[in-house]
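Position one of the sequence shown corresponds to residue 174 (the working numbering), numbered consecutively onward. Heads up, the beta-carbon is just placed ideally off N, CA and C, and yes, glycines get one too. Report on the structure given below.
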Amino acid sequence: MQPSFQPRRAFFRHASRGLFNAVTLAPALVLVTSQASAQAPSGGATLQDAVQRAMHHNPDVQASWHGLQAAMDEVDVAQGGYLPSLDVSAGVGREYREDDGRGSYNADFAEITLTQMLWDGLETANEVERLDRAQLVSYYQFMSTSNDVALKVAQAYQDVRRYRELVRLARDNYAKHLEVYRQIDQRTQSGAGRGVDLEQITGRLALAESNLMTEAANLHDVSARFQHLVGELPADELAAAPDFTQGFPDSIRQVVMKAYEGNPGFHAAIENIAAAKASAAKTKSGFHPQVDFRASAGTNNQSGATGRYDQGVVQVVASMNLYRGGSDLASYRQANDLLEQARDQRDNECRNVRETASVAFNDTRQITEQLQYLNQHRLSTGRVRGAYQQQFDIGERTLLDVLDSENEYFEASRAYTNAAYDLELARARTLAAMGQLLPALNVSRSGVPTLAELGSDGVTLDGDSLCPAQTPTHYSLEELTAGLTPVGTLGE
174 MQPSFQPRRA FFRHASRGLF NAVTLAPALV LVTSQASAQA PSGGATLQDA
224 VQRAMHHNPD VQASWHGLQA AMDEVDVAQG GYLPSLDVSA GVGREYREDD
274 GRGSYNADFA EITLTQMLWD GLETANEVER LDRAQLVSYY QFMSTSNDVA
324 LKVAQAYQDV RRYRELVRLA RDNYAKHLEV YRQIDQRTQS GAGRGVDLEQ
374 ITGRLALAES NLMTEAANLH DVSARFQHLV GELPADELAA APDFTQGFPD
424 SIRQVVMKAY EGNPGFHAAI ENIAAAKASA AKTKSGFHPQ VDFRASAGTN
474 NQSGATGRYD QGVVQVVASM NLYRGGSDLA SYRQANDLLE QARDQRDNEC
524 RNVRETASVA FNDTRQITEQ LQYLNQHRLS TGRVRGAYQQ QFDIGERTLL
574 DVLDSENEYF EASRAYTNAA YDLELARART LAAMGQLLPA LNVSRSGVPT
624 LAELGSDGVT LDGDSLCPAQ TPTHYSLEEL TAGLTPVGTL GE
């Protein structure tokens with residue numbers, strides 16, 4: 174790398190052969206690098222493999238999974254309130270009394286007590302209901318996290334494929350510029366070329382070099398993101414993503430309605446309202462008495478006149494708080510405020526889902542239409558590029574014409590490649606908004622309970638739950654250009 178600190182013109186003049194050899198050897202160097210990286214574990218050669226691994230090893234998915242497990246265990250904790258409590262106590266020591274002349278003496282006791290709640294103002298029932306709903310919230314949050322991570326993995330997977338392709342394009346562009354540089358350098362040294370042409374191609378070659386390094390840096394970054402999500406580096410060869418067009422919705426309204434029906438984040442917000450309602454109902458128990466059934470049996474031994482005696486008690490005990498500093502009323506108000514907050518969060522989540530789904534689906538239509546024009550531009554510039562090179566070789570085109578056509582073809586190829594991958598990602602985003610990305614990939618995490626196993630038939634969607642499905646208007650090129658007169662017909 175030391176020669177790069179020399180003046181660029183001198184460097185390229187003396188090292189052009191070395192640079193050309195470096196470019197021709199680049200595929201071999203890439204192969205060696207690929208073989209070296211193949212020694213490290215890879216995150217699967219297909220998108221399904223990468224997502225499947227993320228479902229079991231991604232920290233966000235793991236944390237959400239353990240959150241669901243904790244919520245399921247918490248339901249069991251609350252249900253214990255319906256069952257009796259059995260306590261045992263025992264003790265031994267010395268006591269001292271003066272009134273009966275015994276003074277200091279040994280004493281021991283043992284007692285077992287059973288307590289069964291008969292009425293607690295529905296506190297236990299509402300707590301179980303709240304935690305049942307919280308369990309469903311955790312379930313939908315887990316599914317939402319899995320869905321989000323699957324989309325992120327799909328984006329990283331496609332970006333690795335994208336930037337590998339862009340690196341190839343940038344390397345080809347660099348090699349082409351270097352080839353032109355060698356031609357101009359030979360002409361200049363023989364006296365047939367102009368020094369200004371050499372300066373011009375030297376600058377363009379430097380730009381091509383910068384573009385190649387930029388794309389390589391982008392490839393590094395997306396590979397690091399893939400590793401973060403999946404836990405392993407991407408494989409050397411990544412297969413194309415599955416075809417997501419099968420069963421793809423036809424209209425934006427259909428997409429939005431399916432998103433309402435299937436988006437797990439939205440369903441978590443709906444279930445959170447039910448949990449908040451149960452929490453508000455639970456606060457009313459503070460205004461009710463507590464009634465318990467208690468039964469106890471024990472023995473007590475006091476050395477001296479009284480000696481040992483046994484005792485058994487069966488009773489129903491009622492208790493009620495008369496004043497707690499206004500805490501019960503404050504808790505009731507707080508719970509109702511949290512209920513309103515949950516409704517607001519549901520409304521916000523509904524709008525988020527509608528926006529995400531409509532934007533993603535609109536992108537699929539927009540990019541699909543753009544792709545044909547970008548491909549036409551790419552093919553046209555490719556033909557112009559070849560023609561300009563032939564004309565330059567016989568002196569009918571300037572060097573600037575050749576370099577401009579080369580750069581235009583490079584940019585057209587980049588634009589087409591980016592659009593092709595953007596289209597695939599837009600389809601994946603649409604499926605994710607509908608909660609259908611994992612089913613489309615046929616990927617799931619083992620051991621996840623079903624809604625039926627959690628005692629649920631799914632969320633109920635009604636007018637209060639849904640925001641209007643109306644979305645902004647989509648404009649096609651035909652609609653945007655309606656009424657415009659083509660240039661060729663202006664004089665007719």
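1) Using the C-alpha atoms, what's the distance from Y255 back to Y135?
2) Suppose you measure from the CA of Y336 to the CA of Q235; what does that come to, to the nearest Å?
3) Around the Cβ of I285, are there at least 16 other Cβ atoms within 10 angstroms (buried) or fewer (exposed)?
4) Given a threshold of 16 other Cβ atoms within 10 Å of its Cβ, counted over all protein chains shown, does R558 qualify as buried or as exposed?
5) For G276, which residues does DSSP report across the bridge?
6) Quick one: Cα of A348 to Cα of Q427, how far?
7) Measure the Cβ-Cβ separation of F565 and D574 and say whether it is below 9 Å.
8) Rounded to whole angstroms, how far is the Cβ of P437 from the Cβ of K431, which I believe are closer than 8 Å?
9) Round the Cβ separation of A470 and G480 to the nearest angstrom and send it over; I've been treating them as touching at under 8 Å.
10) For A397, count neighbouring Cβ atoms within 10 angstroms of its own Cβ and tell me buried if that reaches 16, exposed if not.
11) Sort S319, A451, S311 by Cα distance to H229 and report the nearest one.
12) Ends of the alpha helix (DSSP H) at T472?
13) Which residues in the same chain have their Cβ closer than 6 Å to the Cβ of T554, if we skip the five residues on either side of it in sequence?
14) Under three-state DSSP, which class holds F421?
15) Answer with buried or exposed for E296, where buried requires no fewer than 16 other C-beta atoms within 10 angstroms of its C-beta.
16) What's the gap between the Cα of V429 and the Cα of Q225?
17) Rounded to whole angstroms, what's the CA-CA distance from D517 to A442? Just pull it up for me.
18) Going by the C-beta, is V322 closer than 8 Å to any heavy atom of the ligand FAD?
19) Considering only residues of the segment 578-617, which uninterrupted beta strand (DSSP E) runs meet the minimum length of 3 residues and lie entirely inside it, listed in chain order?
20) Which residue marks the beginning of the alpha helix (DSSP H) containing D566, and which one marks its end?
21) Exposed or buried, which one is L540 when buried takes at least 16 other CB atoms within 10 Å?
22) Does DSSP classify L220 as helix, strand or coil?
23) Could you tell me the alpha carbon to alpha carbon distance between V261 and A503, rounded to whole angstroms?
24) Taking the alpha carbon of L650 as the reference point, which residue from R587, E542, P641 has its own alpha carbon closest?
25) Considering only the alpha carbon of each residue, which of A329, G217, L657 lies closest to A408?
26) Could you give the first and the last residue of the continuous alpha helix (DSSP H) run that contains G376?
27) Could you give the DSSP three-state label for M493: helix, strand or coil?
28) Report buried or exposed for R367, applying the criterion of at least 16 other Cβ atoms within 10 angstroms of its Cβ.
29) Ends of the alpha helix (DSSP H) at R335?
30) Skipping 5 residues on each side, what residues in its chain have a beta carbon closer than 8 Å to that of E247?
31) Measuring CB to CB, does A601 end up less than 9 Å from Q328?
32) If you measure between the beta carbons of N346 and N384, is that distance less than 9 Å?
33) Beta carbon of L339, beta carbon of L392: below 9 Å?
34) Where A211 and A243 are concerned, what is the direct C-alpha to C-alpha distance, given to the nearest angstrom?
35) Measure the CB-CB distance between L547 and A508 and report whether it falls below 9 Å.
36) Are the CB atoms of H647 and I425 nearer to each other than 9 Å?
Straight from the coordinates:
1) Outside the shown range of the chain (174 to 665) lies residue 135, about which nothing can therefore be said.
2) Here the alpha carbons of Q235 and Y336 stand approximately 29 Å from one another.
3) exposed
4) buried
5) G276 is bridged by DSSP to R270.
6) Using only the alpha carbons, I get a separation of about 48 Å.
7) yes
8) Between K431 and P437 the Cβ distance is about 13 Å, and since that is not below 8 Å, they are no contact.
9) Contact doesn't hold; Cβ gap of about 18 Å is too wide.
10) exposed
11) S319
12) Run containing T472: none in the alpha helix (DSSP H); it sits in the beta strand (DSSP E), 463-475.
13) E581, Y582, A585
14) coil
15) buried
16) The alpha-carbon separation between V429 and Q225 amounts to approximately 27 Å.
17) Each residue's Cα considered, the two are about 9 Å apart.
18) Only the bare structure without any ligand can be found here, which leaves the ligand FAD out of the picture.
19) Scanning the segment 578-617 for uninterrupted beta strand (DSSP E) segments of 3 residues or longer gives nothing; none is fully contained.
20) 500-566
21) The amino acid at residue 540 is misidentified as Leu; the sequence shows Ile. It is buried - the Cβ of I540 has at least 16 other Cβ atoms within 10 Å.
22) L220 carries a helical assignment under DSSP once its states are collapsed to helix, strand and coil.
23) Rounded to the nearest angstrom, the gap between the Cα atoms of V261 and A503 is 36 Å.
24) Taking the Cα of L650 as reference, the smallest distance to any Cα among R587, E542, P641 is reached at E542.
25) G217
26) 368-403
27) coil
28) exposed
29) 296-363 is the span of the alpha helix (DSSP H), which, as asked, contains R335.
30) L304, A307, Q308
31) Less than 9 Å separates the beta-carbon of A601 from that of Q328.
32) yes
33) For the 9 Å CB-CB criterion, L339 and L392 form a contact.
34) Here the model assigns A211 a pLDDT of 46, short of 50, so the residue's position is not dependable, and the following value carries that caveat. Rounded to whole angstroms, A211 to A243 spans 39 Å at the Cα level.
35) no
36) yes
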